[in-house]
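Input: a single structure, listed below in structure tokens.
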Amino acid sequence: METSTKSGFDSIIKVFIVLSTVVFGLAIVPLLWMVPMTIRVFKRIDERETFGVGFSVCCLLFVSVVAGIAMFLRDSEYGYPVRTDKKNSLSHQQHYVSAKKKTGLATKKKTRETRKWLCMPYGIFLILFIILPILLIFYYAFSDPTTGLITLKNFKSVFEGDSSVTTFKVIGQSLGVAALTTVICILIAYPIAYILANSKWNKNIVLVYLFLLPMWINFVIRTIATKQLLIFFGLDPALHPWVCSIIGMVYNYLPFAILPLYNTMLKLDKSQIEAAADLGASPVQVFFKTIVPMTIPGIVSAATMTFMPTMSSYVITDALSGRTIKLIGGQIEHQFLHSQLNVGSVYAIIMLALIGLSVIFENFFSEKKKGAR
Amino acid sequence: MEKELVMNAPNMEMEETNRSLQRKEKREKAKKAVALTFVWIMLLVMYLPIMYLILYSFTDANVIGKWQGFNLDCYSTLFNPKNAFAQQIWEAAWNTLWVAIVASTLSTVLGTAGAIGMHFLGKKFKAVFNFANEIPIVNAEIVMALSLVILFAWLKLPTSAFSLIIGHMVLTIPFVVINVQPKLEQMDPSLYEAAMDLGASRSGALFKVMIPDLLPGIFSGFMISMTLSLDDFVITEFTKPSEGMDFQTVSTYVQGTLAKGAIPIQIRSFTTIIFVLIVAVMIGYTIVNNRKAKKI
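Chains as they are written, first to last, in the working numbering: chain A, 3 to 375; chain B, -8 to 287.
Set out below in structure tokens:
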């Protein structure tokens, strides 16, 4: 095996694969598989390895026809056995290893390396559809819709004069609704989770499922049903916007609060609670001194699970407050419906700032907990 | 506190301990009853809106509180292919379903591959990936939705089925990754290497050794993806196809009809059928699970 010699096809493959990646890459999506494949091709060439039939076919079909054919030719030139017969795969494997003159350790390291590349498509997806769009929000917020030049116009239209009053009102209402919903959700979910997780009282997991089941019914339909039911009970959303909105929010987000609390309660250290009781602590002391501190991680994640999505659940407040309570999410939708993406971006940045603050808040609490340990 | 403890050393007579034990038992029973009553009352409250929908699916009254006699109008019109509302509802249902299936399947494949790759990355890159993966979970759905709309506007592309699928993938992929990751941590790394040493090809080792180990995580990731995708409103509203035919999923359809006025009565029978299906699946799942548990 003359593995050390260079093949004439190497440069042909490299040129064509880069060319087609660049050309088709303009359509953005093909980058998802083209970039990882190109990198792999380059690595294989540099390491003087064969490509294998499957990989060559994929290149031929999805990246570049010329490069794919050249890859086949290069493989046959190298004279490696093309693995088609499964029965002989063992001998081929040995053949490979001896041909490469690599130790077992090196092979192991290499398999680790190749498995790494599995995350490439996801990495590109993250960059294209999650990170790039968020950067674009910042660009749009600071640029003029028609000329594309950098300007503070959009911020001015949100924070100047009369509009600033409505903006701060919207932010205040969003935070108010979110905070109230979170507190009420945790107050209701905490005892439920405690009872469900306590094996003395409940041994049946079905009861837990029952609390989660309404999540599978479309939430818009559930919200409308809630609205009609509230009217039936004499609570008109137009007259009691706050009460109705909070009921709707709590109803929708309660399962999200129960689940993390239930999971932490399952792991509660029973002996610690019993020890506290045996050592003479009153039930109230037991609750506040042992149970609550042990469940702080659950409380924090339940709070984040309810607080953050609440601010954007404008569908619920729209339906249950007669459109008197406006959330930041609703403002973003309003701008979107009027094709004002630049002003919408400003609201999105406000939202991002609020989310950033609550993440810092959450981290602060979980860090504190870790420090206490 | 500690001094008290020493003083409190048990020094009681047998009879008294017996009586106190009985009392304790009684108190425990009362506690249990109170606790379970509370849970059941909460459940009842949570199911009230759904029960209202089910009850009123057997009458054609338009407003709640006005029972207009038992009839099956909601059902007969829902299954009448000539009824305009029924057509719209079934079309929306079909759209919701195919979008959820396509997006969840793609998310599961991409997310599983991503999670496996991330597992073998160096510490720094792994941290970067984990951070990026957290963004859509922490971020508000509406910000993600707007950012995708802006991306497509920036590329001068109209929103289409493609942007809708991408939107749902952004929503669901992180959950696939965080469901697969713990299974990867639990996995025995020597198994994969043993398979390789015994002559399995890379893909063989991946599909025959690693994937079966990860299957529970992959499955729960897929199920969560389906749940999120089926129930989604915000991302769908923003990224749904803007050109050509009026594209609606169940969420956007119901919201749209609500904005116009009352929602069609067929929604009630439709929801009832969905609810019955979900309950049936749940019961089946629990029975199968119990049987499995008994076998083991």
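Backbone N, C-alpha and C fix where the C-beta goes; we use that ideal spot for every residue, glycine too. This one's a predicted model, so the numbers in the text were calculated from it and none came from an experiment.
Compare the C-alpha of M187(B) against each of Y192(A), F363(A) and R117(A) and name the closest. Against the second sequence, residue 187(B) aligns to sequence position 196. Checked all of Y192(A), F363(A) and R117(A); the closest Cα to M187(B) is R117(A).
Check whether the Cβ atoms of T308(A) and T149(A) sit closer than 7 Å, and answer yes or no. Along the first sequence, one-based indexing puts residue 308(A) at 306. Along the first sequence, one-based indexing puts residue 149(A) at 147. Against a cut-off of 7 Å, the Cβ pair of T149(A) and T308(A) comes out as no contact.
Pairwise C-alpha distance: W119(A) and P180(B): Within the second sequence, the letter at position 189 stands for residue 180(B). Within the first sequence, the letter at position 117 stands for residue 119(A). For P180(B) and W119(A), the distance between alpha carbons rounds to 17 Å.
C-beta contact flag for A191(A) and L256(A) at 7 Å: The residue given as residue 191(A) occupies position 189 in the first sequence. The residue given as residue 256(A) occupies position 254 in the first sequence. Yes, the Cβ-Cβ distance between A191(A) and L256(A) is below 7 Å.
According to DSSP, is S347(A) part of a helix, a strand, or is it coil? One-based indexing of the first sequence puts residue 347(A) at position 345. Residue state, collapsed to three classes: helix.
One or two residues paired with I152(A) in a DSSP bridge: One-based indexing of the first sequence puts residue 152(A) at position 150. S145(A).
If you compare alpha carbons, which of Y349(A), H242(A) and A277(A) is closest to S159(A)? Looking up residue 159(A) in the first sequence gives position 157. Considering only alpha carbons, the answer is Y349(A).
Assuming V179(A) contacts T319(A) (C-beta within less than 8 Å), just tell me the rounded distance between them. For the purposes of this step, residue 179(A) is taken as residue 177 along the first sequence, with counting starting at 1. For the purposes of this step, residue 319(A) is taken as residue 317 along the first sequence, with counting starting at 1. With 8 Å as the limit, V179(A) and T319(A) qualify as a contact, their Cβ atoms being about 7 Å apart.
Buried or exposed by the 16-neighbour rule on C-beta atoms within 10 Å, applied to V65(A): Along the first sequence, read from residue 1 onward, the residue named residue 65(A) stands at position 63. With 16 or more Cβ atoms within 10 Å of its Cβ, V65(A) is classed as buried.
Report yes if the C-beta distance between Q175(A) and I327(A) is below 7 Å; otherwise report no. The sequence position of residue 175(A) within the first sequence is 173, counting from 1. The sequence position of residue 327(A) within the first sequence is 325, counting from 1. Contact flag set, yes.
Answer with buried or exposed for Q13(B), where buried requires no fewer than 16 other C-beta atoms within 10 angstroms of its C-beta. Numbered from 1 along the second sequence, position 22 holds the residue referred to as residue 13(B). By the neighbour-count definition (other C-beta atoms within 10 Å, threshold 16), Q13(B) is an exposed residue.
Would you please verify whether the beta carbon of F111(B) is less than 7 Å from any beta carbon of chain A? Against the second sequence, residue 111(B) aligns to sequence position 120. Yes, because at least one Cβ of chain A sits closer than 7 Å to the Cβ of F111(B).
From S315(A), E335(A) and S303(A), pick the residue whose C-alpha is nearest to that of S360(A); which is it? Sequence index remark: in the first sequence, residue 360(A) carries index 358 (1-based). Closest in alpha carbon position to S360(A), among S315(A), E335(A) and S303(A), is S303(A).
Does the Cβ of I173(A) lie closer than 6 Å to at least one heavy atom of the ligand PLP? Of ligands this structure carries none, so the ligand PLP is not represented either.
Between which two residues does the alpha helix (DSSP H) containing T289(B) stretch? Nothing can be reported for residue 289(B), as the shown portion of chain B is limited to -8 through 287.
What does T218(B) reach in chain A if we use C-beta pairs closer than 8 Å? Along the second sequence, read from residue 1 onward, the residue named residue 218(B) stands at position 227. The contacting residues are M217 and W218.
Alpha carbon to alpha carbon, how far is S273(A) from F157(A)? Give it in angstroms, no decimals. Along the first sequence, read from residue 1 onward, the residue named residue 157(A) stands at position 155. Along the first sequence, read from residue 1 onward, the residue named residue 273(A) stands at position 271. Distance from the CA atom of F157(A) to the CA atom of S273(A), rounded to whole angstroms, is 57 Å.
Going along the chain, which residues of its own chain have a beta-carbon closer than 8 Å to the beta-carbon of P207(B), five neighbours each way excluded? Position 216 of the second sequence, counted from the first residue, corresponds to residue 207(B). So the list reads K174, once near-sequence residues are dropped.
CB-CB under 8 Å to E6(B), same chain, minus the five flanking residues each way: which ones, in chain order? As a first step, residue 6(B) is located in the second sequence; it is residue number 15 there, counting from the start. None.
Spatial neighbours of P123(A) within its chain, please: C-beta separation below 7 Å, excluding the five flanking residues on both sides. Position 121 of the first sequence, counted from the first residue, corresponds to residue 123(A). Contacts found: L34, W35 and P38.
Return the chain-ordered list of same chain residues with a C-beta closer than 6 Å to the C-beta of I47(A), the five sequence neighbours on each side being excluded. Position 45 of the first sequence holds residue 47(A). Within the same chain, I47(A) has close Cβ partners D12.
Closer than 7 Å to chain A by CB, E176(B): One-based indexing of the second sequence puts residue 176(B) at position 185. E176(B) does not count as touching chain A.
Secondary structure at G102(B), three-state DSSP: helix, strand or coil? Along the second sequence, read from residue 1 onward, the residue named residue 102(B) stands at position 111. G102(B): helix per DSSP, three-state reduction.
Contact check, M201(B) vs I107(B) under 8 Å by CB: the rounded distance? Looking up residue 201(B) in the second sequence gives position 210. Looking up residue 107(B) in the second sequence gives position 116. With 8 Å as the limit, M201(B) and I107(B) qualify as a contact, their Cβ atoms being about 7 Å apart.
With a threshold of 7 Å between beta-carbons, can S314(A) be considered close to chain B, or not? The count along the first sequence starts at 1 and reaches residue 314(A) at position 312. Judged by the 7 Å Cβ criterion, S314(A) is in contact with chain B.
Report the neighbours of I334(A) on chain B: residues whose CB is nearer than 7 Å to its CB, in chain order. What you label residue 334(A) is simply residue 332 of the first sequence in a count that begins at 1. Within chain B, the residues near I334(A) are I133 and L137.
At a CB distance below 8 Å, what residues from the segment 204 to 230 of chain B approach chain A? Give them in sequence order. Those residues of the segment 204 to 230 of chain B that come within reach of chain A (Cβ to Cβ, closer than 8 Å) are T218, L221, D222, F224, V225, E228 and F229.
Between M39(A) and chain B, is the shortest Cβ-Cβ distance under 7 Å, so that the two count as touching? Position 37 of the first sequence, counted from the first residue, corresponds to residue 39(A). Proximity of M39(A) to chain B, defined by a Cβ-Cβ separation below 7 Å, is not satisfied.
Closest residue to T262(B) among F111(B), A26(B) and A77(B) (Cα-Cα distance): Along the second sequence, one-based indexing puts residue 262(B) at 271. Relative to T262(B), the option among F111(B), A26(B) and A77(B) whose CA is nearest is A77(B).
Between A181(A) and the rest of its own chain, which residues show a CB-CB distance below 8 Å, the 5 nearest in sequence each way excluded? If you number the first sequence from 1, residue 181(A) lands on position 179. Closer than 8 Å at Cβ, skipping near neighbours: F309.
By how many angstroms is the C-alpha of I269(B) removed from the C-alpha of W218(A)? In the first sequence, counting from the first residue as 1, residue 218(A) sits at position 216. In the second sequence, counting from the first residue as 1, residue 269(B) sits at position 278. C-alpha separation (whole angstroms): 8 Å.
Smallest Cα separation from Y47(B): which of W31(B), V36(B), L34(B) and D64(B)? Indexing the second sequence from 1 puts residue 47(B) at position 56. Nearest of W31(B), V36(B), L34(B) and D64(B) to Y47(B), Cα basis: D64(B).
Tell me, to the nearest whole angstrom, how far the beta carbon of I19(A) is from that of V55(A); I am working on the premise that it is less than 8 Å. Along the first sequence, one-based indexing puts residue 19(A) at 17. Along the first sequence, one-based indexing puts residue 55(A) at 53. The beta carbons of I19(A) and V55(A) sit about 17 Å from each other, so the pair does not count as a contact at 8 Å.
Cβ of D87(A) within 7 Å of any chain B Cβ: Sequence index remark: in the first sequence, residue 87(A) carries index 85 (1-based). Note that D87(A) scores a pLDDT of 43, beneath 50, so its modelled location is shaky; the value from the coordinates is reported in the next line. Not an interface residue.
Could you check if Y244(B) is buried or exposed, using at least 16 other CB atoms within 10 Å of its CB as the buried criterion? Reading the second sequence from its first residue, position 253 is the one you call residue 244(B). Buried.
Own chain partners of Q257(B) with C-beta closer than 7 Å, once the 5 adjacent residues on each side are dropped: Along the second sequence, one-based indexing puts residue 257(B) at 266. Around Q257(B): C65, T68, L69, F76, A77 and I80.
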